[in-house]
Amino acid sequence: MKEFFPEIPIIKYEGKKSENPLAFRFYDPDEVIAGKPMREHLKFAVAYWHTMCAGGTDMFGVDTHDKTFGTSDPMEHAKNKAYAIFELMNKLSIDYFCFHDRDIAPEGRTLAESNERLDVITDLMAELMKENGKKLLWGTANCFGNPRYMHGAGTSPNADVFAFAAAQIKKAIEITVKLGGNGYVYWGGREGYETLLNTDMGLELDNMAHLLRITSEYGRKIGFKGDYYIEPKPKEPTKHQYDFDAATVIGFLNKHGLSKDFKLNIEANHATLAGHTFQHELAMARVNGAFGSIDANIGDMLLGWDTDQFPTNIYDTTLCMLEVLKAGGFTNGGLNFDAKARRGSNTWEDTVYAHIAGMDAFALGFRMALKIMDDGRLDTFVKNRYASYSEGIGKKILDRSATIEELEAYALQMGDVKTNTSGRQEYLENVLNGILFC
Ligand code: XLS
Ligand code: NI
Ligand code: NI
761 MKEFFPEIPI
771 IKYEGKKSEN
781 PLAFRFYDPD
791 EVIAGKPMRE
801 HLKFAVAYWH
811 TMCAGGTDMF
821 GVDTHDKTFG
831 TSDPMEHAKN
841 KAYAIFELMN
851 KLSIDYFCFH
861 DRDIAPEGRT
871 LAESNERLDV
881 ITDLMAELMK
891 ENGKKLLWGT
901 ANCFGNPRYM
911 HGAGTSPNAD
921 VFAFAAAQIK
931 KAIEITVKLG
941 GNGYVYWGGR
951 EGYETLLNTD
961 MGLELDNMAH
971 LLRITSEYGR
981 KIGFKGDYYI
991 EPKPKEPTKH
1001 QYDFDAATVI
1011 GFLNKHGLSK
1021 DFKLNIEANH
1031 ATLAGHTFQH
1041 ELAMARVNGA
1051 FGSIDANIGD
1061 MLLGWDTDQF
1071 PTNIYDTTLC
1081 MLEVLKAGGF
1091 TNGGLNFDAK
1101 ARRGSNTWED
1111 TVYAHIAGMD
1121 AFALGFRMAL
1131 KIMDDGRLDT
1141 FVKNRYASYS
1151 EGIGKKILDR
1161 SATIEELEAY
1171 ALQMGDVKTN
1181 TSGRQEYLEN
1191 VLNGILFC
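Everything in the sequence shown is counted per the numbering used here, starting at 761 for the first residue and increasing by one.
Have a look at this one:
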């Protein structure tokens, strides 16, 4: 295999005292915790689009990080990216990757040519996956970058665009199946609107559901056994994205009879853009039986867009892993680093430091989440807080046997509620700090 990063060694676990920047301090991939190796709990994935493609371009300047991989030939470039991502995965002990169709092979002049290019690259990828023991966490289609998608894909006012998107997604699902993908993601890149003055919202939403239905059913027909995910995001690129947040998407799936076959891919930065915490979105997915996978990143609270930074906030990773544990762990999902190093961090060492930082933050968060569960104080507190439902009128409410008349009679004889107790938020926040830092 060609080597692209000779300066990067294999990153090893050296324990928390290590000051070696090219080592893990909390992530020990083969350490067995709670019945299985850490790598199986955390299921890290590299995001092709950021790690192999994004070179730091923003609206004020071009790439700062050279990701040409020594060639200007588009297909040679695509092949080199494939070799390079496997080298990085090996060096970082990451078992999974995720991609959009257009990340792995450049779009051709026609759909047919684009599809042929995907065939060539996925043949190579299938070999590399086998050789290196790597897996595809999920695939997806980029139905937002090309100018044809300027008004959306499934929600475009132009039926030709709908047809093109359907065909593109069909192919993206085929290559996901070919590579044994565990999941397939729909992120509504431009499925939203800029102004209602030119928008038929009802038609757009129904078309979006139709596109999900026909493409997901096609996937099942050709043998896709993994999970379909929708990735909520409230805004960006459009002012209002239809897949606003977890609750909105769950309602949409229910309305269109799609909830049996779809789960959610929750992204931290999208949660905060929607005015929620990451933990809120994960909990909303979990309690609705829709927890699937995670795009692991973090936003900047001072900025109003998707900065896609590598996650290093231990409160966030801890509370996230607590939700993952409550959901019973990952099945087909995992932790995909939908994240990029900053524009000023323009070397491959930076890319590696960034992944190490994210992996260690999640490894530490996972260890802390287990500590919280072992400690039990938070769980016990919550259980006790709802104790009124375990007997008397509460029990009857919970088993749904109390009628409205019975509740009225109960309330009348009660006079007023005299039994409220403190929620003890500050005490609980201090308990959490104690578990994290003592
Ligand atoms: C963009 C999304 C995107 C999806 C995959 O904000 O996070 O990267 O994860 O299409
Ligand atoms: Ni994402
Ligand atoms: Ni995002």
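Backbone N, C-alpha and C fix where the C-beta goes; we use that ideal spot for every residue, glycine too.
Quiz item: Taking 7 Å as the cut-off, is the CB of residue 1041 close to at least one heavy atom of ligand 2?
Solution: Within the sequence shown, the letter at position 281 stands for residue 1041. Incorrect: residue 1041 has no Cβ contact closer than 7 Å to ligand 2.
Quiz item: Anyone know if the C-beta pair for residue 1011 and residue 967 falls short of 8 Å?
Solution: In the sequence shown, the residue the question calls residue 1011 occupies position 251. In the sequence shown, the residue the question calls residue 967 occupies position 207. In this structure, residue 1011 keeps its C-beta atom at 8 Å or more from the C-beta atom of residue 967.
Quiz prompt | Unbroken alpha helix (DSSP H) run spanning residue 947, endpoints | solution = The residue given as residue 947 occupies position 187 in the sequence shown. Premise fails: residue 947 is in no alpha helix (DSSP H) and is neither H nor E.
Quiz item: If you measure from the CB of residue 1067, is any heavy atom of ligand 1 nearer than 7 Å?
Solution: Walking along the sequence shown from the start, residue 1067 turns up at place 307. Not one heavy atom of ligand 1 is found less than 7 Å from the C-beta of residue 1067.
Quiz prompt | First and last residue of the uninterrupted beta strand (DSSP E) at residue 987 | solution = In the sequence shown, residue 987 corresponds to position 227, counting from 1. Where residue 987 is concerned, the enclosing beta strand (DSSP E) stretches over 987-990.
Quiz prompt | Alpha-carbon spacing of residue 1111 relative to residue 1034, whole angstroms | solution = Translated into positions along the sequence shown, residue 1111 becomes position 351. Translated into positions along the sequence shown, residue 1034 becomes position 274. Straight-line spacing of the CA atoms in residue 1111 and residue 1034 works out to 28 Å.
Practice problem: Return yes when at least one heavy atom of ligand 3 lies under 7 Å from the C-beta of residue 1027, else no. | Solution: Numbered from its first residue, the sequence shown carries residue 1027 at position 267. Residue 1027: yes, Cβ under 7 Å from ligand 3.
Quiz prompt | Span separating the alpha-carbon of residue 1021 from that of residue 987 | solution = Numbered from 1 along the sequence shown, position 261 holds the residue referred to as residue 1021. Numbered from 1 along the sequence shown, position 227 holds the residue referred to as residue 987. Straight-line Cα distance between these residues: approximately 7 Å.
Quiz item: Which residue's Cα is closest to the Cα of residue 1107: 890, 826, 1092?
Solution: Position 347 of the sequence shown, counting from 1, holds the residue named residue 1107. Closest by alpha carbon: 826.
Exercise. Could you work out which residue in 921, 773, 877 is closest to residue 853 when comparing CA atoms only?
Key: Stepping through the sequence shown from its first residue, residue 853 is reached at position 93. The candidate whose alpha carbon is nearest that of residue 853 is 773.
Practice problem: Assuming residue 1069 and residue 1060 form a contact by the criterion Cβ under 8 Å, report the distance between their Cβ atoms to the nearest whole angstrom. | Solution: The count along the sequence shown starts at 1 and reaches residue 1069 at position 309. The count along the sequence shown starts at 1 and reaches residue 1060 at position 300. Between residue 1060 and residue 1069 the Cβ distance is about 7 Å, and since that is below 8 Å, they are a contact.
Self-check item: Contact belief for residue 1129 with residue 1114 at Cβ below 8 Å, rounded distance in angstroms
Solution: As a working note, residue 1129 is residue 369 in the sequence shown. As a working note, residue 1114 is residue 354 in the sequence shown. Actually they do not touch by this definition, with Cβ atoms about 22 Å apart.
Quiz prompt | Proximity test, residue 1228 beta-carbon vs ligand 3 heavy atom, cut-off 7 Å | solution = This structure gives no information on residue 1228, because the portion of the chain shown stretches from 761 to 1198.
Quiz item: Hey, how far is the Cα of residue 1160 from the Cα of residue 1154?
Solution: Here residue 1160 refers to the residue found at position 400 when the sequence shown is read from its first residue. Here residue 1154 refers to the residue found at position 394 when the sequence shown is read from its first residue. Distance between the alpha carbons of residue 1160 and residue 1154: 10 Å.
Practice problem: Enumerate in chain order the residues of its own chain whose CB-to-CB distance from residue 1013 is below 6 Å, with the five nearest sequence positions on each side excluded. | Solution: By 1-based counting over the sequence shown, the position of residue 1013 is 253. Here the set comprises 1019, 1022.
Practice problem: Entirely within the segment 1074-1136 and at least 3 residues each: give me those beta strand (DSSP E) ranges in chain order. | Solution: 1095-1097
Practice problem: Compare the beta carbon distance of residue 1055 and residue 1096 with 8 Å and say whether it is the shorter of the two. | Solution: Locating residue 1055 in the sequence shown gives position 295, counting from the first residue. Locating residue 1096 in the sequence shown gives position 336, counting from the first residue. Going by C-beta atoms, residue 1055 is nearer than 8 Å to residue 1096.
Practice problem: Go ahead and label residue 1140 buried or exposed: buried means 16 or more other beta carbons lie within 10 angstroms of its beta carbon, across all protein chains shown. | Solution: The count along the sequence shown starts at 1 and reaches residue 1140 at position 380. It counts as exposed.
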